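K.L.:
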Amino acid sequence: MLLRKLIKFSFPAFFAVFLTACDPILSIEGSFWPAWIICILAGLAAGMVLMWQLVRHRLAPYLGPPLLIVPSLWALCTFVIWLLFYST
Amino acid sequence: MENTQTNNHVMNLKRRMMLGRLIGTLIVLGALVTGILVWRINYQHPRTNDAMVRANIVGIAPEVSGRIVELHVEDNQYVKQGELLYVIDPRPFQVKLAQARAELQVAEKEVESRRAASGSAGLAIERLGHQRAAADAEVTRIEAEDEYLRNYLERLEPLAEKQYVTTDQLKQARSKFAASRAALADARAKELSARSAIEEAKSDSRRAVSLIAQVGTVNARIEAARAVVAAAELDVEYCSVRAPFDAYVTNLNTREGEYARAGMQMFALVDDRHWYAIANFKETYLQSIHPGQEAEVFLVGYPGKRYRGVVTGIGWANYPDNMKQQGVLPEVQRTLNWVILASRFPVRIEIHERDPEHPLRMGMTAFVTVLDRPAEIPGLSPASDKEASKAPIPQ
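Just so you know, the protein sequences line up as chains B and W, in that order. So that you can map any letter, position 8 of the first sequence is 9 in this note's numbering, and since no number is skipped, the others follow by simple counting. So that you can map any letter, position 104 of the second sequence is 327 in this note's numbering, and since no number is skipped, the others follow by simple counting.
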C-alpha cells in the first residue's frame, strides 16, 4: 500500500523534474545551472539504476572491463538525456 | 537428470555471457555515437548562456537650461513617441522671442528707411548732374565769349598804335576780356564743384546701398534678424521635451523645481522598438553563425518561455588582451600558456516576439541557441541581405 502510494506520487515528481529541466538553464534560488551539469548528474543516477539492474540480472560480470563499461554507461545516459531534453 | 540440469546451467551461462558481451558492446558504441551526435548538434546549433537582453538607451537631456515647471512622466512609465516628458520654464525664452521679433521689425523699418535714403541719394545725383550740365554749358558760353573778346582785343591793339581807336576803347576791350577770363575761371570752378558734388553724392548713395545690405533678393540685415527669431522660437520649442520614440522611462529621480542644464542627462529612455540579446559566443562557433539565422532565446526569469529572434550581426572587434603599452614600447609579458581559452565575440540577436505577460528588461540573463536555418519572421527584412550589402567580407 505504502509502496503504491510512493510510486503514485514519485512518478509525477520525477517527470516534473525533467519537464522543468527542458528549459536550458535550471534556476535554483537565483543561481542558474547549465544543462550539462543537470545531464551529468541525471546520467549518473540513471547509470547507477541501469547498472543495478544489470547486476540484479547477473549480467554485470559479462559486460566487459568495468573501467570501460561504467564510464561508458554514465556517458551514454548523460548524452541520451541531453539529446532527449536539451538538443532542441 | 543431473546432466540435464548441468547442461541447462551451462546454456544459461553461455546465453548470459553472450547477452552481457552484447550489452557491453552496445553501451560503449552507444556512448561513442551519442557523444559524436551531441558534439555535432552543439556545433551546428551553437548555444551559450553568456548572454543578456539589452535595448538601446537614450539619455534625455534638455537643449536649454532652466527650471522644470512640469514633469509629465514617472519612473518606469511607458511613453509613446511625441508624448510630452517635461517642460522647462518657457518665460525667459518667450521674452527673448518677443525681443527678437521686435528687433526684426526694427531691422525691416531700418532697411525700408535706408532704401528711401538710397532713392533720395539717386535723385540728388540726378539733380547734381543737371547742375553740372548747366555749368558745362556756362563754361562753353563764356569760352566762346572769351574767344571773341580776345580776338577783338588783338584786332584793336594794332589799330590803337596807329591811333585809329581811342585809348579808352582799348582799355574797355581789355577790361571786358579780363572780366571774361575771370567769369570763365569762375564757371570752370563751378563745373568742377558740380562734378565733385556728384562724386560725393554717388559715394553717399553707395554707402546707403551698402547699409541696406541687400545681396540679390536677400536682405542680410533682415535675414540676420529672422535667424535670431528662428533661434528664439526654437528655444521656446525646446522648453517642451518630448519622447523621440516609444520607450520606457528609467532612472527618473527628480521632480518639478529641479534646475535642468542644457546637455545634462536627467533620465534615460529604453527604446521599446528593438530588443536584443547580446550573446557572447566562443570564436570556435562563429563559423556556424551567420546574420539572418534564426535563434531561440530563453530567459532565466521566465522558465519555459521561448523567444524567437534573428541574428543581425557579429561583433567585429574585441579589445585584444595581449596589447599593452608601457610608454612608447609594447609591454610583452613572459608567459607559458599551454591551454589557451577561446575568445568570445558578441553576437547580436534581435528579438521580435513580444509578450505583455513576459516583458523584456535590459540586463536579463539569457540562454541563446542559434539554429541552422534562416529566420522566417513576418515583417522582417532579411538581415543577411542588409549585412551582405554593407559588409564586403562574408561573415
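Don't be surprised by glycine CBs; every beta carbon is placed ideally from N, CA and C. The structure displayed is predicted, hence computed values, not measured ones.
Give the DSSP-derived three-state secondary structure of residue 83 of chain B in the structure shown.
P.N.:
As a working mapping, residue 83 of chain B is identified with position 82 in the first sequence. Helix at residue 83 of chain B.
K.L.:
Is there a C-beta anywhere in chain W that falls below 8 angstroms from the one on residue 26 of chain B?
P.N.:
In the first sequence, residue 26 of chain B corresponds to position 25, counting from 1. It does; some Cβ of chain W falls within 8 angstroms.
K.L.:
Within 10 angstroms of the Cβ of residue 243 of chain W, are there 16 or more other Cβ atoms? Answer buried if so, exposed if not.
P.N.:
To locate residue 243 of chain W, count along the second sequence from 1; it is residue 20. Under this definition residue 243 of chain W is a buried residue.
K.L.:
Can you tell me the Cα-Cα spacing of residue 444 of chain W and residue 431 of chain W, whole angstroms?
P.N.:
Stepping through the second sequence from its first residue, residue 444 of chain W is reached at position 221. Stepping through the second sequence from its first residue, residue 431 of chain W is reached at position 208. Whole-angstrom Cα-Cα distance: 13 angstroms.
K.L.:
Name, please, each residue of chain W whose Cβ falls closer than 7 angstroms to the Cβ of residue 59 of chain B.
P.N.:
Position 58 of the first sequence holds residue 59 of chain B. Neighbours of residue 59 of chain B on chain W, chain order: 239.
K.L.:
Please confirm if the stretch 262–276 of chain W is in contact with the stretch 462–469 of chain W, defined as three or more CB-CB distances below 8 angstroms between the two stretches.
P.N.:
no
K.L.:
Distance, Cα to Cα, residue 398 of chain W vs residue 387 of chain W?
P.N.:
By one-based count along the second sequence, residue 398 of chain W stands at place 175. By one-based count along the second sequence, residue 387 of chain W stands at place 164. Cα to Cα, residue 398 of chain W sits roughly 19 angstroms from residue 387 of chain W.
K.L.:
Should the stretch 572–584 of chain W be called in touch with the stretch 529–538 of chain W, which here means at least 3 C-beta pairs below 8 angstroms?
P.N.:
The stretch 572–584 of chain W is in contact with the stretch 529–538 of chain W.
K.L.:
Is it true that the CB of residue 475 of chain W sits closer than 8 angstroms to the CB of residue 298 of chain W?
P.N.:
On the second sequence, position 75 is the one that residue 298 of chain W refers to. On the second sequence, position 252 is the one that residue 475 of chain W refers to. Yes, these two residues count as a Cβ contact at 8 angstroms.
K.L.:
Rounded to whole angstroms, what is the Cα-Cα separation between residue 503 of chain W and residue 517 of chain W?
P.N.:
Here residue 503 of chain W corresponds to residue number 280 of the second sequence, with the count starting at 1. Here residue 517 of chain W corresponds to residue number 294 of the second sequence, with the count starting at 1. Distance between the alpha carbons of residue 503 of chain W and residue 517 of chain W is about 16 angstroms.
K.L.:
Taking residue 541 of chain W as the reference, which of W/257, W/569, W/249 has the closest Cα?
P.N.:
Taking the first residue of the second sequence as position 1, residue 541 of chain W is located at position 318. For the residues W/257, W/569, W/249, the minimum Cα distance to residue 541 of chain W belongs to W/569.
K.L.:
Mapping DSSP to helix, strand and coil, what is residue 541 of chain W?
P.N.:
For the purposes of this step, residue 541 of chain W is identified with residue 318 of the second sequence, where counting begins at 1. Of the three classes helix, strand and coil, the one that applies to residue 541 of chain W here is coil, per DSSP.
K.L.:
Spatial neighbours of residue 3 of chain B within its chain, please: CB distance less than 8 angstroms, with the 5 preceding and 5 following residues excluded, ordered by chain position.
P.N.:
Position 2 of the first sequence, counted from the start, is the residue given in the question as residue 3 of chain B. With a pLDDT of only 42 at residue 3 of chain B, under 50, the local geometry of the prediction cannot be trusted, and no value is derived from it.
K.L.:
According to the neighbour-count rule (16 or more other Cβ atoms, all chains shown, within 10 Å of its Cβ), is residue 52 of chain B buried or exposed?
P.N.:
As a working note, residue 52 of chain B is residue 51 in the first sequence. Flag for residue 52 of chain B reads buried.
K.L.:
Using a C-beta cutoff of 8 angstroms, does residue 81 of chain B count as contacting chain W?
P.N.:
Residue mapping note: residue 81 of chain B aligns to position 80 of the first sequence, counting from 1. Chain W, which has a Cβ nearer than 8 angstroms to the Cβ of residue 81 of chain B, makes this yes.
K.L.:
Just checking: is the beta-carbon of residue 84 of chain B within a distance shorter than 8 angstroms of some beta-carbon in chain C?
P.N.:
Absent from the structure: chain C. Protein chains present are B and W.
K.L.:
For residue 590 of chain W and residue 454 of chain W, what's the separation of their Cα atoms in angstroms?
P.N.:
Numbered from its first residue, the second sequence carries residue 590 of chain W at position 367. Numbered from its first residue, the second sequence carries residue 454 of chain W at position 231. The alpha-carbon atoms of residue 590 of chain W and residue 454 of chain W are separated by roughly 50 angstroms.
K.L.:
I think residue 362 of chain W touches residue 414 of chain W, with their Cβ atoms under 8 angstroms apart; what is that distance to the nearest whole Å?
P.N.:
Stepping through the second sequence from its first residue, residue 362 of chain W is reached at position 139. Stepping through the second sequence from its first residue, residue 414 of chain W is reached at position 191. Indeed, because the Cβ distance is near 5 angstroms, the residues count as touching under 8 angstroms.
K.L.:
Ignore the nearest five residues each way along the sequence and tell me which others in residue 376 of chain W's own chain have a CB closer than 7 angstroms to its CB.
P.N.:
As a first step, residue 376 of chain W is located in the second sequence; it is residue number 153 there, counting from the start. 396, 397, 400.
K.L.:
How is residue 28 of chain B classed by DSSP in three states: helix, strand or coil?
P.N.:
Here residue 28 of chain B corresponds to residue number 27 of the first sequence, with the count starting at 1. If DSSP states are grouped into helix, strand and coil, residue 28 of chain B belongs with the strands.
K.L.:
Can you tell me which of W/332, W/295, W/290 puts its alpha carbon nearest to the alpha carbon of residue 315 of chain W?
P.N.:
Position 92 of the second sequence, counted from the first residue, corresponds to residue 315 of chain W. Selection W/332, W/295, W/290 evaluated against residue 315 of chain W yields W/290 as nearest (Cα-Cα).
K.L.:
Residue 68 of chain B CB to nearest chain W CB: under 8 angstroms?
P.N.:
Against the first sequence, residue 68 of chain B aligns to sequence position 67. No, no contact with chain W.
K.L.:
Contact check, residue 76 of chain B vs residue 258 of chain W under 8 angstroms by CB: the rounded distance?
P.N.:
In the first sequence, residue 76 of chain B corresponds to position 75, counting from 1. In the second sequence, residue 258 of chain W corresponds to position 35, counting from 1. Yes, they are in contact, since the Cβ atoms of residue 76 of chain B and residue 258 of chain W sit about 6 angstroms apart, within 8 angstroms.
K.L.:
Taking only the alpha-carbon atoms, compute the straight-line gap between residue 288 of chain W and residue 270 of chain W and give it to the nearest angstrom.
P.N.:
Stepping through the second sequence from its first residue, residue 288 of chain W is reached at position 65. Stepping through the second sequence from its first residue, residue 270 of chain W is reached at position 47. If you take the alpha carbons of residue 288 of chain W and residue 270 of chain W, they lie about 49 angstroms apart.
K.L.:
Using a Cβ cut-off of 7 angstroms, which residues of the stretch 230–254 of chain W contact any Cβ in chain B, in chain order?
P.N.:
Listed in chain order, the positions of the stretch 230–254 of chain W with a beta carbon within less than 7 angstroms of a beta carbon of chain B are 239, 240, 242, 243, 244, 246, 247, 250, 251, 253, 254.
K.L.:
Nearest-angstrom Cα distance between residue 71 of chain B and residue 235 of chain W?
P.N.:
For the purposes of this step, residue 71 of chain B is taken as residue 70 along the first sequence, with counting starting at 1. For the purposes of this step, residue 235 of chain W is taken as residue 12 along the second sequence, with counting starting at 1. In a straight line, the C-alpha of residue 71 of chain B is about 24 angstroms away from that of residue 235 of chain W.
K.L.:
Work out the CA separation of residue 427 of chain W and residue 319 of chain W for me, nearest whole Å.
P.N.:
As a first step, residue 319 of chain W is located in the second sequence; it is residue number 96 there, counting from the start. As a first step, residue 427 of chain W is located in the second sequence; it is residue number 204 there, counting from the start. Each residue's alpha carbon lies about 35 angstroms from the other.
K.L.:
Label residue 519 of chain W either buried or exposed according to how many other C-beta atoms from any shown protein chain fall within 10 Å of its C-beta, with 16 as the threshold for buried.
P.N.:
For the purposes of this step, residue 519 of chain W is identified with residue 296 of the second sequence, where counting begins at 1. Burial call: buried.
K.L.:
Of all the options W/582, W/347, W/286, which has the alpha carbon lying nearest to the alpha carbon of residue 484 of chain W?
P.N.:
Position 261 of the second sequence, counted from the first residue, corresponds to residue 484 of chain W. When each option's Cα is compared against that of residue 484 of chain W, the closest is W/286.
K.L.:
Do we get a CB-CB distance below 8 angstroms when we pair residue 270 of chain W with the residues of chain B?
P.N.:
Looking up residue 270 of chain W in the second sequence gives position 47. For residue 270 of chain W, the answer is yes, since a Cβ of chain B falls inside 8 angstroms of its Cβ.
K.L.:
Distance check for residue 47 of chain B and residue 54 of chain B, CA to CA, integer angstroms please.
P.N.:
As a first step, residue 54 of chain B is located in the first sequence; it is residue number 53 there, counting from the start. As a first step, residue 47 of chain B is located in the first sequence; it is residue number 46 there, counting from the start. Taking the straight line joining both Cα atoms gives about 11 angstroms.
K.L.:
Verify the CB distance criterion: does residue 315 of chain W have a CB-CB separation below 8 angstroms to chain B?
P.N.:
The residue labelled residue 315 of chain W in the question sits at position 92 within the second sequence. So, not an interface residue.
K.L.:
Whose C-beta lies closer than 7 angstroms to the C-beta of residue 341 of chain W among residues of the same chain, with five residues either side of it excluded?
P.N.:
Within the second sequence, numbered from 1, the residue matching residue 341 of chain W stands at position 118. Result list for residue 341 of chain W: 428, 431, 432, 435, in chain order.
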